[in-house]
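Numbering (my numbering), first residue to last: 1 to 382. From the three backbone atoms N, C-alpha and C, an ideal C-beta is built for every residue, glycine too. Read through the structure below, which is laid out as structure tokens, and then see the notes.
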Amino acid sequence: MQEQKKQILVTQASLPPFEEYEALIREIWESRWLTNMGKFHEELKEALRSCLGVPGIELFVNGHMALEMALQAFELKGEVITTPFTFASTTHAIVRNGLKPVFCDIREDDATLDADKLEALITKDTAAIVPVHVYGNICDDGKISRIAKEHGLKVIYDAAHAFGETIKQQAPDGTEQEKGVGTLGDASMFSFHATKVFNTIEGGAVSWNAGKNEFLSDRLYKLKNFGIMGKESVEFVGGNGKMNEFCAAMGLCNLKHLQSWIRARKAVAERYRNNLSGVPGIRFLRMREDVKSNYAYMPVLIEGGIKKRDAVYGYLSEQGIFPRKYFYPCANAYDCYKDRYDANETPVAKTVSECVLTLPVYPELPLPEVDRICSLLEECVL
Ligand SMILES: *Cc1c(COP(=O)(O)O)cnc(C)c1O
1 MQEQKKQILV TQASLPPFEE YEALIREIWE SRWLTNMGKF HEELKEALRS
51 CLGVPGIELF VNGHMALEMA LQAFELKGEV ITTPFTFAST THAIVRNGLK
101 PVFCDIREDD ATLDADKLEA LITKDTAAIV PVHVYGNICD DGKISRIAKE
151 HGLKVIYDAA HAFGETIKQQ APDGTEQEKG VGTLGDASMF SFHATKVFNT
201 IEGGAVSWNA GKNEFLSDRL YKLKNFGIMG KESVEFVGGN GKMNEFCAAM
251 GLCNLKHLQS WIRARKAVAE RYRNNLSGVP GIRFLRMRED VKSNYAYMPV
301 LIEGGIKKRD AVYGYLSEQG IFPRKYFYPC ANAYDCYKDR YDANETPVAK
351 TVSECVLTLP VYPELPLPEV DRICSLLEEC VL
């Protein structure tokens, strides 16, 4: 019998040793407290506050509900400027809040929102900006926040890809400081989905710089718990966005391994970069020197447009290697938005989406497999 080659998918969920999770779920069994801000929920919240370096944080059932409820918390009306180069969640969260997305093009070098194109899109109806730290590349917050301030707009980051990243900033006294990316803007959303660098099976959070938006803690809690604030007191028309104890326990287990996982991801990402740099037909996105990366994704741009990219994707798939066309298509090309938007209005995003592939990255991916993937890529890219 011929040996079946093992398939390599774009990612693989990171899990703790089973016994570590078993010990915590045994406690849940014994207490019979399964959800509603139990012991593990509260422990995870505090652990993440310090791990992310964010003064304000609230946990959610998933990243998408975190973003929907963050937008709702600010009681926005009208238009929200965002990027079409993102996961469906970002645009849907805006639309599902009764707001109108206005698509701003991205920068070619790092695929984040192009702040130089922001002001032309601001109207009297603009309420907020929702940029995305794509692949963990941190947006130009300096420029975005300056424009937002001038026009009285909120900035809510989709930081789903940026878990645990820090950015160097100058303190007022001139010294350099490392800041958690979840302190940027008015609020940030993180996703703890199974496929992300840090997972709670499903889960998410909203973080913010506490002093600036003190009301968020109260508002987000009400939004995620039906507005119930006491045994006989319902103060607000909220929904249900709570994280349960099984998910919180998974998060507590996974946090203990996060640093070693990120180190392993780094080795994989560096191997790709070393092997593929200088290979004609393949380009990388820029990574900022002042950002400590979590190595969540390994995007490469295949020169030669969508036909070439799809051919490379097809060739790798035949060999049992499954990268992802992430993000393709752009949000303004989705079927559900097709009568309202035109992807040609954001040409850079369209071009990047038609030549991008994200290559397999996860902590357990053996480096010889990375070498094999690179050789196959080199074979078919020209
Ligand atoms: C994963 C992701 C989300 C949604 O998070 P979920 O936890 O899956 O709901 C939103 N935006 C981006 C950019 C993502 O990658």
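Heavy atom of ligand 1 within 7 Å of residue i beta-carbon
i      : result
Glu165 : no
Thr385 : Summary: the structure shown does not reach residue 385, with the chain confined to residues 1 through 382, and so no result is reported for it.
Ser188 : no
Asp110 : no
Ser293 : no
Gly204 : yes
Gly63  : yes
Thr91  : no
Val130 : no
Ser233 : no
Ala162 : no
Ser277 : no
Lys196 : yes
Ser191 : yes
Asp140 : no
Asp310 : no
Asp158 : yes
Chain-order list of residues whose beta-carbon lies under 7 Å from that of residue i (same chain, five-residue window excluded)
i      : result
Ala269 : Tyr295, Met298 and Val361
Ile302 : Gly281, Ile282, Lys308, Arg309, Val312, Cys355, Leu357 and Val381
Ser145 : Val155 and Gly185
Phe327 : Phe85, Thr86, Phe87 and Ser353
Local conformation of residue i per DSSP, three classes
i      : result
Gly180 : strand
Pro280 : coil
Lys100 : strand
Gln72  : helix
Ala171 : coil
Pro368 : helix
Val95  : helix
Gly314 : helix
Tyr157 : strand
Ala210 : coil
Thr351 : helix
Val356 : strand
Asn274 : helix
Ser233 : strand
Ile302 : strand
Phe163 : coil
Ala264 : helix
Arg107 : coil
Residue from the options with nearest C-alpha to residue i
i      : options                           : result
Arg309 : Gly78, Cys355 and Glu178          : Cys355
Pro84  : Asp158, Glu20, Val370 and Leu44   : Asp158
Ala248 : Gly203, Ile94, Glu289 and Cys336  : Gly203
Val197 : Asp140, Lys325 and Ser14          : Ser14
Ile8   : Gln319, Asp290 and Lys266         : Gln319
Pro101 : Ile306, Leu71 and Val181          : Leu71
Asn332 : Gly38, Ala88, Arg32 and Trp33     : Ala88
Ala267 : His161, Met65, Leu367 and Asn62   : Leu367
Leu376 : Lys350, Thr126 and Ala311         : Ala311
Leu76  : Phe163, Tyr21 and Ala128          : Ala128
Ala148 : Gln169, Ala160 and Ala115         : Ala115
Arg288 : Glu27, Lys231 and Gly136          : Gly136
Thr35  : Lys224, Arg49 and Phe192          : Lys224
Asn244 : Thr200, His92, Lys117 and His151  : Thr200
Ile228 : Gln12, Met37 and Ile28            : Met37
Ile57  : Lys325, Glu42 and Glu108          : Glu42
Gly63  : Phe192, Lys117, Glu369 and Ala210 : Phe192
Start-to-end residues for the alpha helix (DSSP H) that takes in residue i
i      : result
Val132 : Counting along the chain, Val132 falls outside any alpha helix (DSSP H), and DSSP gives it neither H nor E.
Met250 : Glu245 to Leu255
Leu44  : Lys39 to Leu52
Leu24  : Phe18 to Ser31
Ser14  : Unbroken run through Ser14: none, as it is neither H nor E.
Phe215 : Phe215 to Lys224
Contact set for residue i: own chain, Cβ-Cβ below 8 Å, skip 5 residues either direction
i      : result
Thr166 : Gly53, Glu178, Lys179, Gly180, Val181, Val291 and Lys292
Asp371 : Arg271 and Asn275
Pro323 : Val10, Tyr313, Leu316, Leu357, Thr358, Leu359 and Pro360
Val80  : Leu71, Ile94, Leu99, Lys100, Pro101, Val102, Thr126, Ala127, Ala128, Ile129 and Val130
Glu347 : Looking at the sequence provided, one finds Pro at residue 347 rather than Glu. Closer than 8 Å at Cβ, skipping near neighbours: Asp105.
Ala33  : Inspection of the sequence shows that residue 33 is occupied by Trp rather than by Ala. Lys39 and Glu245.
Val237 : Gly227
For residue i, the first and last residue of its enclosing beta strand (DSSP E)
i      : result
Tyr341 : Here Tyr341 belongs to no beta strand (DSSP E), and DSSP marks it neither H nor E.
Gly230 : Ile228 to Gly230
Gly56  : Gly56 to Phe60
Phe190 : Ala187 to Ser191
Glu289 : Neither: Glu289 is in no beta strand (DSSP E) and is coded neither H nor E.
Glu79  : Glu79 to Thr82
Beta-carbon contacts of residue i that lie in its chain and below 6 Å, excluding the five residues immediately before and after
i      : result
Leu276 : Ile282 and Cys374
Ala187 : Ala70, Ile156, Val206 and Trp208
Leu44  : Ala248, Gly251 and Leu252
Ala343 : Cys330, Asn332, Ala333 and Lys350
Thr91  : Pro101 and Ala331
Ala160 : Gly63 and Ser191
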